[in-house]
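Beneath this line is the structure, given in structure tokens, with notes to follow.
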Amino acid sequence: MKVKIDIEAPRVKGICFHPSRPWVLYSTHTGMVVIYDYDINVELQSYQVSDVPVRCVAFHSTQPLFACGTDDYQVIVYNWQRKVKLFTLEGHIDFIRSIEFHSTYPLLITSSDDSTSRIWNWQSRCCVCILEDHTYFVMSSSFNPNQPLVATACLDECVRLFSIENLLKGSMSKDVDSSFFSLESNSSLLSESEEHPEGANCVAWDSSGNRLISCGEDSSIKVYKIINDELQVTSTINAHTGPATCVRFHPATGNIISCSEDFSIREFDGNTYREIGTYEISGSRFWCVAAHPKDALIAAGHDSGVTILKTNKERTPFDVQGTSVAWIQESEIHVVDVISKNQEKPSTVQNGVTSISWNNARNMALVSYDNEKNPYYQCIDLSMTNPITKGEGLSAVWFSRSSFVCLSTSRDKLCYGEPGSSTLSRFQVPHALRLFAAPAQRVYLVTKTNIYLYDITRQKEIRNIQFNDCKVIMINDDKTKICARNSTSILYSNADLTDPSVFNESSKVKSCCFDGDAILFTTRTHLKYIVSGYSGVVCSLPRVLYIIKAKEEIAWFVTRDGVVFKREIELGELKLKLALINSKSDGGHAARRIVAEQPPIGFAIMEFAANNNRYDIAASLARDPKTKFEMALKAGDFDTAVLAADEIKDKSIYKTLAENALNCGKISLAEKMFTKANDTENLAFLYLLAGNSASLQKLTKQTNNPEYMIWCNDNESIDKLLIGINPNLEQIVSQKMPEIELPEIKQRSEDWPLTRPTFIPFSVEKDTQLDEGETEWPMSDEDDNQKSDNNEEDDSEGWDVDINVENIPAPSPSQFVAPPRGEDIKQEMSKNSTTIGDFAASGDFGEALVLAKTQLNAKNFEPLKNLFIESFVRSNLSIQNEFGHLSVPLSMKFRNLSLPVLTDSVSQFDEMMKNSIFIEFNKGHFKECFGICQTLIRRVIVTSVQTKEEEQKILDCLHIATKYAIGCLLELTRKSETDPTRNLELAVYFTHVGLARSHERLTLQSAVRMAMKYHNYLTAKSLISRLLDLEPNEKIAGQARASLEQANKVGTNALNINYNERNPFFIDVIGKTPIYRGKPSISCPLCGCQTDSKNAGQLCPICEICEFGGQPTGLKILRTIKQ
1 MKVKIDIEAP RVKGICFHPS RPWVLYSTHT GMVVIYDYDI NVELQSYQVS
51 DVPVRCVAFH STQPLFACGT DDYQVIVYNW QRKVKLFTLE GHIDFIRSIE
101 FHSTYPLLIT SSDDSTSRIW NWQSRCCVCI LEDHTYFVMS SSFNPNQPLV
151 ATACLDECVR LFSIENLLKG SMSKDVDSSF FSLESNSSLL SESEEHPEGA
201 NCVAWDSSGN RLISCGEDSS IKVYKIINDE LQVTSTINAH TGPATCVRFH
251 PATGNIISCS EDFSIREFDG NTYREIGTYE ISGSRFWCVA AHPKDALIAA
301 GHDSGVTILK TNKERTPFDV QGTSVAWIQE SEIHVVDVIS KNQEKPSTVQ
351 NGVTSISWNN ARNMALVSYD NEKNPYYQCI DLSMTNPITK GEGLSAVWFS
401 RSSFVCLSTS RDKLCYGEPG SSTLSRFQVP HALRLFAAPA QRVYLVTKTN
451 IYLYDITRQK EIRNIQFNDC KVIMINDDKT KICARNSTSI LYSNADLTDP
501 SVFNESSKVK SCCFDGDAIL FTTRTHLKYI VSGYSGVVCS LPRVLYIIKA
551 KEEIAWFVTR DGVVFKREIE LGELKLKLAL INSKSDGGHA ARRIVAEQPP
601 IGFAIMEFAA NNNRYDIAAS LARDPKTKFE MALKAGDFDT AVLAADEIKD
651 KSIYKTLAEN ALNCGKISLA EKMFTKANDT ENLAFLYLLA GNSASLQKLT
701 KQTNNPEYMI WCNDNESIDK LLIGINPNLE QIVSQKMPEI ELPEIKQRSE
751 DWPLTRPTFI PFSVEKDTQL DEGETEWPMS DEDDNQKSDN NEEDDSEGWD
801 VDINVENIPA PSPSQFVAPP RGEDIKQEMS KNSTTIGDFA ASGDFGEALV
851 LAKTQLNAKN FEPLKNLFIE SFVRSNLSIQ NEFGHLSVPL SMKFRNLSLP
901 VLTDSVSQFD EMMKNSIFIE FNKGHFKECF GICQTLIRRV IVTSVQTKEE
951 EQKILDCLHI ATKYAIGCLL ELTRKSETDP TRNLELAVYF THVGLARSHE
1001 RLTLQSAVRM AMKYHNYLTA KSLISRLLDL EPNEKIAGQA RASLEQANKV
1051 GTNALNINYN ERNPFFIDVI GKTPIYRGKP SISCPLCGCQ TDSKNAGQLC
1101 PICEICEFGG QPTGLKILRT IKQ
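Quick note, the sequence shown lines up with residues 1 to 1123 if you use full-length UniProt numbering.
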């Protein structure tokens, strides 16, 4: 059993799954009823039903209803769709213990401490039957799914069987409470069995209705069959050590699920009744359990809340070999070639298969059963020519045509050989979780933190990379690349684990596979892709699907039920992104062809094209006129810009377009746009520059502007205007000022190309139009000779190679032009810089601070002062000469661009980690260790790297330094605390920071000591278990076991601390409290530490530079070419 989700709540007494939605309904001891979506981990609805405990709840199978029973004797029915209370059923006179809807009839059955079970018609809202043959509390009652039978469990030691055939055949709307003198009976007692000496707690039917199961206070579980209307015990299960409180048959697996006050849930095989799984929560008693009707899920209510467990993998086991796919469906192996559609005959396997490895060459499959008690594998020949062979081991896979490899049951050895061999070769490996086949007789070994590549024949490790909790590894068709996934990220690399990259996904990743150079992966609701580090959405999914294979816009999926089907997918966006990335090599022809044929729709792809400087593509994809206009201007596509401007019809847009057209020498377009913008001033000045006096005169007459009159030498109009102002003004002007005439300016009718657009417009280039019969090049020698004959200057035959030196005029001194001043190397480096470190090293501190504010939301710039100065000094060479010291910038070439030389390297960060942080931490100098971590975090800001590998290593060092800084901050805070509760909390939080294995042991030792000191034995018990898992030395292990024995004896906590080890959490670096999964939080843009969202705007206590909140773009230390 594996935990899917933990939900914190007061003591949970009743629980139920919704039959079709991913919901769980539970009731608490405080009178609350909650509907919780366990797929997205969100509470959907909550109802304060009563002030007393609510002990039972039930969903209706088809209607939007749920019912609950309370300790104030009421049965209440709600409509969850409308979120309203519908009605209350009253009749019980004591606590209500169980409730259940009938699957077919409008009936509801309840059991109560008033020694009765009642059957209600929820449509007529009346009680139609009372089962009164009990002598003590009735703890449970249940309808048979296929027969008119009801089973009850009572604390009078009996399990009873009733027939309600008369009720189902007769009237189900007659209120028995109003028919006191009626002699009719709707039920009859068929059988009773006294099998639980201390009382029966629960009964449940299997899905067929042929078997009944019960549990009781005597810790036993009984299985019954109905023979001649009599209950007969066929098996007894004695596994629990405390009272068994609830039991269920699981409809999906057929197994038996039970829970008990001994803090455990147990799973038993439905045929052999052998125990196959156990889950325990120390100190928390289990009260109720529910089995999902379709999926391999169970939900259990206990003292601390709700735990949802997976009894089997939700993902259907499958394997892909070339075009063949093998998968498990309904306990059968199915094999199909997805291209030719040829199918193999299905072969039967046992329940509980966790992995399958398909050998296409030999038509054989390896299936593994990794159960907790006895893991084993089977080799099955689908052609039935060889018998099924079985062996002990986990995660068996084929690594060659005839040989396989598996993990030993201890998970620390690889065992390999041929199927059916009596002995297998073995060699030691790290403790592993699972295996996957690799090319060239190799395997991928997955541990909790790494992926190892092993050569089986040489028994040697080839390489390993860090990747936590890998679930699946898929190989492309060429067997040159792999993609691996865990719950939140995807790793892709070469097949030999070189050149790895990790893509993090916000949603939970369900599956992944290759499609050419791209990776397709599914989440709960979407099919997405990754190409060259960029991602996007292909389509939405109606339910959880697992992608098996994809080829040429066709993808094959498998459902959780094991159904394989294919579906056409639209990959236009993916192809366009790939074409845009490769547009530098092909000039963007592929991208333009894709957009012309079938343009994808969406702002994301348009933004991607713009970010890749393909503004022509972005303009063609834009739907918003303003966006189209901006992109067209950047691309130099004035035709598209004019269409967008006409659609917007804004004077400012016309003016902007006119200015851009004028910059490109397009006079006629600028004139049209200034006219549409009604900008007479710029239009008149344009006429003046172009020498278009006729248009200027026409505009002058329209506007009657004196300035325009002067520009066009219109003396007559000027005289009229002046005389109108002052009749004597003409005489005054003629006496004081001579006549001035502006020189005539030649009119330029054609456009002049002042600048050229950087990018080719997206519109199709038009061929040059030639006159009929005219060709651009001579078609033959005769044409060439004919043109030569018509040339009057061609006086002689042959090559004219003489150079007439005398005709070359000598340059005059007045023609000399001085060379322009060269650009300063610091300015050049600053112009080429794209990172904070490069700007600081080239001396441009202002731009570096602006970038720090943009990328990191920097608030406190004081710590950056010394970093910037140090970076600048270290990037300059000081030379002493007779005049003093000369500072010479040290530059380097990066893609033919000059950039400053930075002295910090990856090795220096690694050295700071190992020789400073780790050493001070081992000594317990937490203040000094915090200071070194803070220095390392800050130095990352002024670091620049040239490769993604270096960037990843620097960011890994930053991540580790942040963890140690948070740990040191917690410990320094703890030492200043006087409150014992707070002191213990901080010590426990310190163990969850995520330090190295040896350092985590130190934190756990300290936390155990504190927990034992303050008598928190339950807390100490969980801490000791974690400490022993880390394999300390024998002395520490002995002390831990002694403390564990003492903690088990006492089993209580003296202090109530804010700590739940089952629910993952981050540390709030401001409040020093846990932020549990699902609660809103914000992170520091630099170090990544977390805090509560209400602390937005506060300074990060780790780096003391950035503030929480805002919308920073994120730190960039990888050098790129400035666009």
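All C-beta atoms in this analysis are idealised placements derived from N, C-alpha and C, irrespective of residue type, glycine included.
Residue i and residue j closer than 8 Å at C-beta
i            : j     : result
A987         : M1010 : yes
V349         : I548  : no
L382         : V338  : no
D72          : I93   : no
H250         : A291  : yes
L867         : V940  : no
L433         : I465  : no
L688         : W711  : yes
residue 1124 : A690  : This structure gives no information on residue 1124, because the portion of the chain shown stretches from 1 to 1123.
A604         : A618  : no
C154         : C202  : no
E217         : H196  : yes
K859         : C483  : no
A1047        : A1020 : yes
Element boundaries [alpha helix (DSSP H), containing residue i]
i     : result
A684  : 680-690
R982  : 980-990
N922  : 918-923
P243  : From DSSP, P243 is part of no alpha helix (DSSP H); its letter is neither H nor E.
P625  : 625-635
H18   : That residue, H18, is in no alpha helix (DSSP H); it is neither H nor E in DSSP.
D838  : 836-841
G1038 : 1034-1050
V538  : Taken as a continuous stretch (DSSP letters only), V538 belongs to no alpha helix (DSSP H), being part of the beta strand (DSSP E) at 534-540.
D646  : 638-648
Endpoints, the beta strand (DSSP E) within which residue i is located
i    : result
Y416 : 413-417
H999 : No beta strand (DSSP E) holds H999; the alpha helix (DSSP H) holding it covers 997-1013.
G277 : 275-280
Beta-ladder partner(s) of residue i, from DSSP
i     : result
C379  : L366, T389
Y1076 : F1065
T307  : D6, A300
D71   : BP columns for D71 are empty, so no partner.
T58   : Going by the sequence as given, residue 58 is Ala instead of Thr. For A58, which the question treats as bridged, DSSP gives the partners A67.
A555  : A550, R567
R434  : V446
L394  : L407
T1091 : I1082
* Asked: Which whole runs of the beta strand (DSSP E) in the UniProt repeat "WD" (89-121) are 3 residues long or more, in chain order?
  -> 96-101, 107-112, 117-121
* To do: Please determine if the stretch 289-308 and the stretch 7-18 are in contact, where contact requires at least 3 C-beta pairs separated by less than 8 Å.
  => yes
* Would you check if the stretch 35-46 and the stretch 312-330 touch, i.e. whether three or more CB-CB distances between them fall below 8 Å? => no
* Asked: Is there contact between the stretch 957-966 and the stretch 931-938, where contact requires at least three CB pairs shorter than 8 Å?
  -> yes
* So, do the stretch 918-925 and the stretch 1074-1090 have three or more beta carbon pairs nearer to each other than 8 Å? -> no
* List in chain order: all unbroken beta strand (DSSP E) runs of 3+ residues lying wholly within the stretch 455-525. => 460-466, 472-475, 481-485, 489-494, 501-504, 511-515, 518-522
* 3-residue-minimum beta strand (DSSP E) runs that sit fully inside the stretch 125-213, ordered along the chain -> 126-131, 138-143, 149-154, 159-163, 188-193, 200-205
* To do: Jot down the residue ranges of each uninterrupted alpha helix (DSSP H) in the stretch 903-969, minimum 4 residues, whole runs only, in chain order.
  => 906-912, 918-923, 926-939
* To do: Indicate whether the contact test is met: 3 or more Cβ pairs, each with one atom in the stretch 427-445 and one in the stretch 394-414, closer than 8 Å.
  => yes
* Taking only runs that begin and end inside the stretch 321-361, name each unbroken beta strand (DSSP E) of 3 or more residues, in chain order. => 324-328, 332-337, 355-359
* With contact counted as at least three CB pairs below 8 Å, one residue from each stretch, are the stretch 981-998 and the stretch 1057-1070 in contact? -> yes
* Asked: Counting Cβ pairs, one atom from each stretch, are 3 or more of them under 8 Å apart for the stretch 93-112 and the stretch 133-153?
  -> yes
* **Three CB pairs or more closer than 8 Å across the stretch 63-70 and the stretch 79-87** => yes
* Asked: On the three-pair Cβ rule with 8 Å, is the stretch 391-410 touching the stretch 359-374?
  -> yes
* Asked: With contact counted as at least three CB pairs below 8 Å, one residue from each stretch, are the stretch 13-20 and the stretch 45-52 in contact?
  -> no
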